[in-house]
Amino acid sequence: MTTTTEQLSATTLLRFATAGSVDDGKSTLVGRLLHDSKSVLEDQLEAVERVSQDRGQDTPDLALLTDGLRAEREQGITIDVAYRYFATARRRFILADTPGHVQYTRNMVTGASTADLAVVLVDARNGVIEQTRRHAAVAALLRVPHVVLAVNKMDLVGYRETVFAKIAEEFTAYASELGVPEITAIPISALAGDNVVEPSANMDWYGGPTVLEHLETVPVSHDLTACPARFPVQYVIRPQTAEHPDYRGYAGQIASGVLRVGEAVTVLPSGRTSTIEGIDALGESVDIAWAPQSVTVRLKDDIDISRGDLIAPSASAPATTQDVVATVCHVADQPLAVGARVLIKHTTRTVKAIVKEIPSRLTLDDLSQHPAPGQLVANDIGRVVVRTAEPLALDAYADSRRTGSFLLIDPADGTTLAAGMAGESFASQARTTVQADEEGWDF
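Positions in the sequence shown are counted from 1; adding 208 to them yields the numbering used here.
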């Protein structure tokens, strides 16, 4: 008989994030998923029942399963990203329950940055609102391949099909314009459990999957080997011992693709070339390694390589640039202004940079671009042009979410300022000429 561990190891992993406006029922939906899929420990459920009774509630408040912060429970809102891990017989899940408040949109960026699917909740009574559009825009910018529109609180609108159809049509049109590749709309009641894990007896007009059924069956591809190989160097290993007097290895995690012994590679940003002489994984020499394995690569030639350099096959090496054009979501409380001196962290490389231009800020109401805003404030999404002190080997974010992303950091205190996605966003952008900055860090 196959053990549970063996069964789970044979299933796929789905990373997904929930998003929605305040009181749309995100935490209740997550709690219902955990409860009805029997993924809640008995002592956890007893604690929730006890707190619910103390509040005078007749039934357990399932939102308490995810709202762990004291302030969250007191206010009845989600403030920080809550990660939950659960599994069914068909799939394992890593869930990021993200906040709904406008001032916590940056937290959604954190939760959705690695997600394969985003569940966007909408209150059936309110329909698509600005925050719904904001969450759809973030999902599109982060290239989340699957989006589920969960129209919640259908019990409060009499389970009417016309209400659901109108909301689904409006959201689908908006998200499609953003370039979201797949949108699935599901009418639910998280509080009553309709169409969350079990099909609803109150909406016989709906013939689609429940939320859990869709999560279990949506196709997920983690085939990082299909992309060109990228190996950011994290550490240089030089033991210089009697046993290994001349050993020089470059350790790190393969971000994408496949590396093979004997393959010609280029080291960036220097552009020096060599050949892979050996690959060490878990103390053993191997002929081939693939993402996301952590390995040590040995090259035929002694090249000056340090942390932050990128090793890639010469046939598919990325171009280097000192002019980074990207879309960013500003996550810091302090504004990001033209002329700001920042650090840009890309994979294992961190270099000085200057914000040379902020061509536009996205207006979520109609997806128009507000030109030359001068600065971005917390939760703004906009285009930036950043000049770096040293070349970076970035891929377009549309091609690689791992090597096309970066962070802008305040050099004074290490605060993360913005999360960036290199290349074109969902809206077409025209880059204007960048004027030289004569003071400070001019690269």
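Glycine residues also receive a C-beta, built at the ideal position from the N, C-alpha and C atoms. Quick caveat, the model's predicted, so the values are computed rather than measured.
- Secondary structure note for I375: its alpha helix (DSSP H) is the uninterrupted segment E369 to L386.
- Taking all protein chains in view, the Cβ of Q339 is crowded by 16 or more other Cβ atoms within 10 Å, so the residue is classified as buried.
- Membership of V419 in the alpha helix (DSSP H) is indicated by the continuous run V419 to T425.
- DSSP lists no bridge partner for L237.
- The alpha-carbon separation between A326 and T433 amounts to approximately 24 Å.
- Looking from the CA of A527, the closest CA among P417, A601, R569 and D588 belongs to A601.
- One thing to note: T449 has its Cβ no nearer than 8 Å to the Cβ of H422.
- Of all alpha-carbon atoms in A520, Y382 and A358, the one lying nearest the alpha-carbon of D402 is that of A358.
- If you look at R595, you'll find it in the beta strand (DSSP E) that goes I589 to L600.
- Counting other Cβ atoms within 10 Å of its Cβ, T306 reaches 16 or more and is therefore classed as buried.
- At a Cβ-Cβ threshold of 8 Å, P436 and S522 do not count as neighbours.
- When L570, T370 and Q542 are compared, the shortest CA-CA separation from A620 is found for Q542.
- DSSP, reduced to helix, strand and coil, places N334 outside both helices and strands of the structure shown, so it counts as coil.
- Looking at the DSSP output, W498 bridges to V466.
- For D509, the CB contacts under 7 Å within the same chain, skipping 5 residues up- and downstream, are S482 in chain order.
- Secondary structure of R480 (DSSP, three-state): strand.
- DSSP lists A225 and V355 as the beta-bridge partner residues of A326.
- If you ignore the 5 residues before and after A398, its C-beta comes within less than 7 Å of the C-beta of G233, T236, L237, R240, N360 and V404, all in its own chain and listed in chain order.
- For G460, the enclosing beta strand (DSSP E) has its first and last residue at G457 to Q461.
- Secondary structure at G628: strand, using DSSP grouped into helix, strand and coil.
- Residue burial is scored here from C-beta neighbours: G582 has fewer than 16 other C-beta atoms within 10 angstroms and is therefore classed as exposed.
- Under the DSSP assignment, I513 falls outside any beta strand (DSSP E); it carries neither an H nor an E label.
- Scanning its chain for C-beta atoms nearer than 8 Å, with the 5 sequence neighbours on each side dropped, one finds around V336 the residues V330, I375, E378, F379 and Y382, in chain order.
- Beta-bridge annotation (DSSP): R298 is not paired with any residue.
- Beyond the five residues adjoining it in sequence on each side, D495 comes within less than 8 Å, by CB distance, of R468, V469 and I487 in the same chain, given in chain order.
- For the pair Y455 and R515, the CB atoms are not nearer than the 8 Å cut-off.
- The Cβ atoms of W498 and I552 do not sit closer than 8 Å to each other.
- For the 8 Å CB-CB criterion, G631 and A534 form a contact.
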